[in-house]
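Chains as they are written, first to last, in our numbering: chain A, 17 to 905; chain B, 0 to 490. C-beta atoms are modelled at their ideal positions from N, C-alpha and C, and glycine is treated no differently. If you're wondering where the values come from, they're calculated on a predicted model, not measured in any experiment. Report on one structure; see the data block that follows.
Here is the structure:
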């Protein structure tokens, strides 16, 4: 079969006319029965074989195709009396009110109608919605009491939801039957229908009142056969059976000349069934129920809501060639790689076209089959037929047949490009392309540097992997989506992929002044890290022995012509920067690929912060950056493993003296709080502008207490540092905080010195018993302790009251995270829905699919944030330095 | 501290609350529900009168029709339900004849493990082991179809307590006093609201819309302006507020007129006599039913409304703060016994209706009425068992009974001491999720799930003890003795 490619240019929605329905329908459905005693479908019934096939093996009586190929064919039910279509009842109401009950013209003078017609034309030309114009027309037309065309007096029409129209004639209420409604709609001229927003070539107003009902094919409402052999029909079929049954009874009664009352009752019932057939959740209509009491799922219910066709099947598609498992770390992988378990590699396949160049290799894979890795699961003939290798009996016979043009669905092998994703996919770096590395065991393995963009950790996180099926997609993924291409974040123009945790502490320890290696150790370290570069001259020669500094080793990873100066994370922000002479070695100078001074820490190659890494990506390209990251992480991990690094509670040990000083500061703070309270009580507290006296007091108290905590933290840090120097023993907790590897000074403060004020929604603890938080305090006590100031440190331990306050503060955090996740999910959904079609065109404008311009230039400056210098368009200082250097040379 | 806790826990088992509550249900509340129901009157002149209710120890029915005591382990292993038979004394009255009281089995109710009607009650550790039971098992749960079901304690806003609230921002109502008035199983929310103009309105169930407070008070028999002032407050500070309301409703002069106003609301378009009858009925039955449901209680209701109105005015004046709904003093915990009470009340009501229907049917067919044939015990049994098996309680609450978490001993104890709030988990409800200082010593500050249920599902603190309500009949005389003055007209 030749496939003729077609492009959908546009879709137009209209109403189905009775004639159209009759033409569409293959079968007129006349009987409510579906199957006869032998279980065969009855002709003229709802399961008529001409409506399509659902049972495998049979051929369709209409088109002769088999199950998958026959799309199904429509049937029709001739309704004994017309009924209103619920979906259009509101519109019918508007039209009835705006048109003459006698002549059917719009209740506006000719000139007015002409005006609206012009306005509509204008709106359509510029692609504007005609809805507000038509609404305005309805509003104006409704107001007229008599027809400007035939002079007939207009009566008030009441609309009783969902499908009843009542006309008030001289105070008496007269119910308009669908027949009358239809007659009135029929009288409307094509021209008038057009000003009311109708395109009469596809929708005449009277088609909103149904005379013939289109019956969907059986493929739309397949029946299921239970294990017991019993058939269970689809909800739609049930509903259609109801319609036919009532329709028949109505017809019989009409023919028999039954009294008007009975006919109207049946008519009403028919209206009910047709209404619930379209929508079973119409307000004011009891939902049609299944025998078990479950409401039926009819047409509208199939489409609507989260479980509806749109949200769950069209915008939420499921895919093949994907895998999901737990993730675990592997520092030996490159950032570009992902470790794939062999069992997954055996299941996921990539189609490869057989060519004379690869035929031998592919045949070998086919011979291995699905069970032996590396093998293949399917072969595809040039005609598109697929053969499962699990089912092929004579492999040799198949191998004979394989020739160029066939496709082999082979297992994933090292080097294949795949997509790797972790939910929630909040930014584009949540799906990146990785190269496959097939590994034993059952988890996906990834390099630690890619944890930040995925926001992944290894406490049980799972990730998804997608094997890309087409060559174009693979090429696109490799060029655009590869991890190394995503190092720079489009959010802030710095690296989002970079070193974390031990990478940072490792680099810090390695580049600390005074770190030195013997030649043996240096070789060892470099070899383990896979660095093959000649060593420079040793920097230190002592007693005839040669030593290399850590900085020298680190320099081996830097590009040879790189020059850079910046202040490291450990920088104390002194008032006068002594630059190279910095006493903390916080001023980093790299000259021609040599680290002259300064410590490597979070600011060098950390995720979100790495200045050095940023420079490398921007000046040397992503390949160099990837290589740098891979090597540097390997090196520092090896170093820190070799050297040893560990933290314990003794990292928070403070000498007695420090404890005394901390206690003193806290005593002072509490005394200050009392002073403030006294000042407040004596009404001498100075009020802050824009605050009440009470607010002022609270703010001042919070200020005093937080200042006190900061002071205790500073003291703790001071003593920790001093102890470190005195005992020549590093404090791991402090190192991690200072280098930016993990934790902060605040964390240290809380552990060693003082936990500080607990707050709920930004205020001191204020709720509780009347006049006090807890009965352990006196009524009216607003001192520090009574409102949640935790004086102890975690290491000291908290008193029961402190513990309780701390729990209050902690609870708020828990609630916040729980509530936020659900809210951000919803926010994400709305943003995606609003922005999904926007795209930057070749003329740099941002437009939607209709071509409507949203921005004349992307971001109003046309810049790609990931190519900027932390959001700034150019880094002038950098350029000047660079040219100054070349000039000097 | 440690010895204190140890001795405390030696005396107080960890799930004492559930067991005590259930025992109370068996010993007192069952009888109360029966008494509440009173006499069944049928349309065929037959009446059924109830007497004492009695519950057996847990038993099982064998295929041969015999009943025998059963140990919980047997129920667990054989997928049986651990139930006790309930007997009720009944007698029939018709044609001025009266039968004697006969004790009839009306159904089976689930037996709480280790309650007084449980076969493990009072057994020593050795005896428990003999019965296949873990002597450390705390009990306090039920066994339904072999699975262990816990009735999770529900935290509710305290009934019969005036709770003051500020109205929603930008709404017409600025201050509200609310009372969840509860009588038996019936809960009626009554509110007194103050709108922006300072007018006071009363709302209560079965009356559409609001009624002006003054009209309501007049309907309750407080007719003159002077009396109305007395009922609300005689302080000059509130004079203006009250006068404003009196003026607004000046056209309704006396009780008769007020009744007419209410009658028009509750039974619009009906005959006048019916309207008045209905108005009186509604006032007695649906307005603050916890005070009473008879005409004699109207005066007290008027004073109660006056008290509510005063609080609203005080709140409006800033003399009072709105009540903290998360304050644990405003919370009541509904334990297994309370939940069983709700369930039993509905099931028993279904049973009485069924008895009535059966009696009417047999009489119409010309048979001699008999309580034996009229009582179908399965009606009660199945209603209760189904609710426990699925967790779908009366009133549409789901998840009330849960499968006991047997992951380990701690999870069992934690589950039995769990407290859930009926607030929806999908809304933020930040305040309700916070750890409130009044939970100190009552609710564990640390144990709460992370995620959407955070702070709404709680657990009892280790040393938490329950106090149960005191019946009003016992308390009232004591209060009078202590010098409380009774409410009288025109004091």
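{"Asked": "Look at the alpha carbon of residue 393 (chain B) and the alpha carbon of residue 223 (chain A), and state the distance between them as a whole number of angstroms.", "Found": "48 angstroms"}
{"Asked": "Closest Cβ-Cβ distance between residue 709 (chain A) and chain C: below 8 angstroms?", "Found": "Checking the listed chains, one finds no chain C in this structure; the protein chains it contains are A and B."}
{"Asked": "Helix, strand or coil: how does DSSP classify residue 490 (chain B) here?", "Found": "Per-residue confidence for residue 490 (chain B) stands at a pLDDT of 46, beneath the threshold of 50, marking its modelled position as unreliable; no derived number is given."}
{"Asked": "Can you list, in chain order, the residues of its chain whose CB lies under 8 angstroms from that of residue 209 (chain B), leaving out five sequence neighbours each side?", "Found": "192, 200, 201 and 202"}
{"Asked": "Can you give the beta carbon distance from residue 231 (chain A) to residue 91 (chain A), rounded, assuming they're within the 8 angstroms contact cut?", "Found": "4 angstroms"}
{"Asked": "Can you list, in chain order, the residues of its chain whose CB lies under 8 angstroms from that of residue 269 (chain A), leaving out five sequence neighbours each side?", "Found": "278, 279 and 282"}
{"Asked": "Residue 427 (chain B) touches chain A at which residues, Cβ-Cβ below 7 angstroms?", "Found": "835"}
{"Asked": "Have a look at B:415, B:82, B:52 and B:334 and flag the residue whose alpha-carbon is nearest the alpha-carbon of residue 59 (chain B).", "Found": "B:82"}
{"Asked": "Using Cβ-Cβ distances below 7 angstroms, what residues of the region 805 to 826 of chain A are close to chain B?", "Found": "820, 823 and 824"}
{"Asked": "With the cut-off set at 8 angstroms, would you say residue 645 (chain A) and residue 465 (chain A) are in Cβ contact?", "Found": "yes"}
{"Asked": "For residue 490 (chain B), which residues from the same chain have a beta carbon less than 6 angstroms from its beta carbon, with the 5 sequence-adjacent residues on both sides left out?", "Found": "Low local confidence applies: a pLDDT of 46 at residue 490 (chain B) is under 50, so the model's placement there is unreliable, with the coordinate-based value given in what follows. Around residue 490 (chain B): no qualifying Cβ."}
{"Asked": "With 16 as the cutoff for other CB atoms within 10 Å, does residue 886 (chain A) come out buried or exposed?", "Found": "exposed"}
{"Asked": "Tell whether a beta-carbon distance below 8 angstroms holds between residue 321 (chain B) and residue 106 (chain B).", "Found": "no"}
{"Asked": "Using the rule of at least 16 other Cβ atoms within 10 Å of the residue's Cβ for burial, across every protein chain shown, is residue 307 (chain A) buried or exposed?", "Found": "exposed"}
{"Asked": "Would residue 259 (chain A) and residue 293 (chain A) be called neighbours here (beta carbons separated by less than 8 angstroms)?", "Found": "yes"}
{"Asked": "Going along chain B in order, which residues have a C-beta closer than 7 angstroms to the C-beta of residue 828 (chain A)?", "Found": "433"}
{"Asked": "I'd like the list of long-range same chain contacts for residue 295 (chain A), defined as Cβ closer than 8 angstroms, with 5 residues on each side in sequence excluded.", "Found": "102, 103, 314, 315, 316 and 317"}
{"Asked": "Extract the residue ranges of the alpha helix (DSSP H) inside the region 632 to 698 of chain A, only unbroken runs of 4 or more that lie entirely within it.", "Found": "672 to 697"}
{"Asked": "Distance, Cα to Cα, residue 1 (chain A) vs residue 493 (chain A)?", "Found": "In the structure displayed, chain A extends from 17 to 905; residue 1 (chain A) sits before or after that span and is not available."}
{"Asked": "Could you list which residues in chain B have their beta carbon closer than 7 angstroms to that of residue 785 (chain A), in chain order?", "Found": "436 and 437"}
{"Asked": "Can you tell me which of the three DSSP states residue 399 (chain A) falls into?", "Found": "coil"}
{"Asked": "When the cut-off is 8 angstroms and only beta carbons count, does residue 321 (chain B) lie next to chain A?", "Found": "no"}
{"Asked": "Note down, in chain order, every chain A residue with its Cβ under 7 angstroms from the Cβ of residue 454 (chain B).", "Found": "827 and 831"}
{"Asked": "Just by C-beta distance, which residues in the region 764 to 797 of chain A are closer than 9 angstroms to chain B?", "Found": "776, 777, 781, 783, 784, 785, 786, 788, 789, 790, 791 and 792"}
{"Asked": "Listed from N- to C-terminal order along the chain, which residues in the region 120 to 140 of chain B have their beta-carbon within a distance smaller than 8 angstroms of any beta-carbon of chain A?", "Found": "none"}
{"Asked": "Quick check on residue 775 (chain A): does DSSP put it in helix, strand or coil?", "Found": "strand"}
{"Asked": "Below 9 angstroms on C-beta distance, what does residue 449 (chain B) contact in chain A?", "Found": "830, 833 and 834"}
{"Asked": "If we cut at 8 angstroms on Cβ distances, does residue 445 (chain B) have a partner in chain A?", "Found": "yes"}
{"Asked": "Report yes or no: do three or more beta-carbon pairs, one from the region 304 to 311 of chain B and one from the region 330 to 346 of chain B, lie closer than 8 angstroms?", "Found": "no"}
{"Asked": "Taking buried to mean at least 16 other C-beta atoms within 10 Å of its own C-beta, is residue 328 (chain A) buried or exposed?", "Found": "exposed"}
{"Asked": "For residue 24 (chain A), name the three-state secondary structure that DSSP assigns.", "Found": "coil"}
{"Asked": "What is the rounded straight-line gap between the Cα of residue 579 (chain A) and the Cα of residue 22 (chain A)?", "Found": "57 angstroms"}
{"Asked": "Is residue 111 (chain B) near residue 32 (chain B), with beta carbons less than 8 angstroms apart?", "Found": "no"}
{"Asked": "Run through the region 55 to 125 of chain B for me and flag every whole alpha helix (DSSP H) of 4 or more residues, listed as ranges in chain order.", "Found": "71 to 76"}
{"Asked": "Please list, in chain order, all residues of the same chain as residue 485 (chain B) whose beta carbon is under 8 angstroms from its beta carbon, the five residues on each side excluded.", "Found": "479"}
{"Asked": "What would DSSP say about residue 7 (chain A), mapped onto helix, strand or coil?", "Found": "Because residue 7 (chain A) is not part of the residues shown, which for chain A are 17 to 905, the question remains open."}
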